[in-house]
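S.K.:
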Amino acid sequence: MILASSSDAFSITRSRPVSNTRLNSYDDEKGILLSTISSSSSDSENIKNLISKLVQTAEDSGNGQDRSEYITGDWSCIFNESDLTRSSPFFTAFRKCYADNEKIPNQIFSITDAIPETIKKIDFARMEITDFHLVSRVKVSTPVSSSIMTTRCNVIDLFKNQYNVMKLQVLTTKAEDNSLLAALPFGLGDQINEQNPSFPSGDVLEKIRQSSSEVDIKVLICDATIRVDEQENGDLFVYERQ
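Under the numbering used here, the first residue of the sequence shown carries the number 1275, and numbering increases by one thereafter.
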């Protein structure tokens, strides 16, 4: 994709001083992007064009390029053209697992994507990132229940081998805080939720296809307030710091 830049270009832009004009342009474009995402009338193509423009401005000016300084913390996913649930690294690994037969993940995703918002609501899609671990939590609600899909990952590499790549290894996936179970009396639901074991999704994926549990995420922009990621299939995600 044209959004990804080469390491040579990055080394050049880092040494270039950041002028006030460029800083203002970056901040202005970032503000336009965030306000457009929050608008109910915004469309995905317009947002993607704004992302592309912001990424280019960031690379030209050097803004949003100090990834190691800002990557850790709590983030909330606010945009993906398909579905915010895709922010979970599990789905990236799942697609990678069936790279030779994309019909399988595409069919599954098309079914879940077709569920109308009146039935399926995504309450939030959040990430907690440290130097060594990443935890993805996506809360999905239906008219009768809600639960949080939690995927835990190891951070294998944080911008060392490639200046803009965060390499993860998916470990486990678990449905937490099921509202139907929570409604059980005498605290039984909480006990079941806590004792329900995590699914070893990483190991299962590895048995199907070696190294499929490892995913690379390109971090195109990362600053004190915003992060823009590009997954292996080219999907773009915008996050706000919490």
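A virtual CB, placed ideally from N, CA and C, is assigned to each residue, including glycine.
1. Which residue marks the beginning of the beta strand (DSSP E) containing leucine 1445, and which one marks its end?
2. Check whether the Cβ atoms of isoleucine 1352 and glutamate 1488 sit closer than 8 Å, and answer yes or no.
3. What did DSSP end up calling leucine 1333 once you bin it into helix, strand or coil?
4. Let me confirm a value: serine 1384 is counted as buried when at least 16 other C-beta atoms fall within 10 Å, else exposed. Which label applies?
5. Go ahead and pull the three-state DSSP assignment for serine 1315.
6. Quick one: what does DSSP say alanine 1399 is sitting in, helix, strand or coil?
7. Determine the burial state of serine 1329: buried for a count of at least 16 other Cβ atoms within 10 Å of its Cβ, exposed for fewer.
8. For lysine 1394, which of Asp1357, Asp1509 and Ser1299 has the nearest alpha-carbon?
9. Rounded to a whole number of angstroms, what is the C-alpha to C-alpha distance between aspartate 1301 and arginine 1400?
10. Report all residues from its chain with a CB closer than 7 Å to the CB of lysine 1304; omit the five preceding and five following residues, and keep chain order.
11. With DSSP collapsed to three states, give me the class of glutamate 1303.
12. When you compare each of Pro1363, Ala1498 and Val1418 to threonine 1446 by their alpha carbons, which one comes out closest?
M.R.: So, from the listed chains and residues:
1. In the DSSP assignment, leucine 1445 falls within the beta strand (DSSP E) that extends over 1439–1450.
2. Taking 8 Å as the Cβ cut-off, isoleucine 1352 and glutamate 1488 do not qualify as a contacting pair.
3. Reading the sequence as shown, one finds glutamate at residue 1333 and not leucine. Helix at glutamate 1333.
4. When all chains shown are included, serine 1384 counts as exposed.
5. In the three-state DSSP reduction, serine 1315 falls in the coil class, being neither helix nor strand.
6. Three-state DSSP puts alanine 1399 in a strand.
7. Inspection of the sequence shows that residue 1329 is occupied by valine rather than by serine. Buried: at least 16 other Cβ atoms inside 10 Å.
8. It is Asp1357.
9. A direct Cα-to-Cα measurement between aspartate 1301 and arginine 1400 gives close to 24 Å.
10. Correct list, in chain order: Leu1328 and Ile1500.
11. Glutamate 1303 falls in the helix class under three-state DSSP.
12. The residue with the shortest Cα to Cα distance from threonine 1446 is Pro1363.
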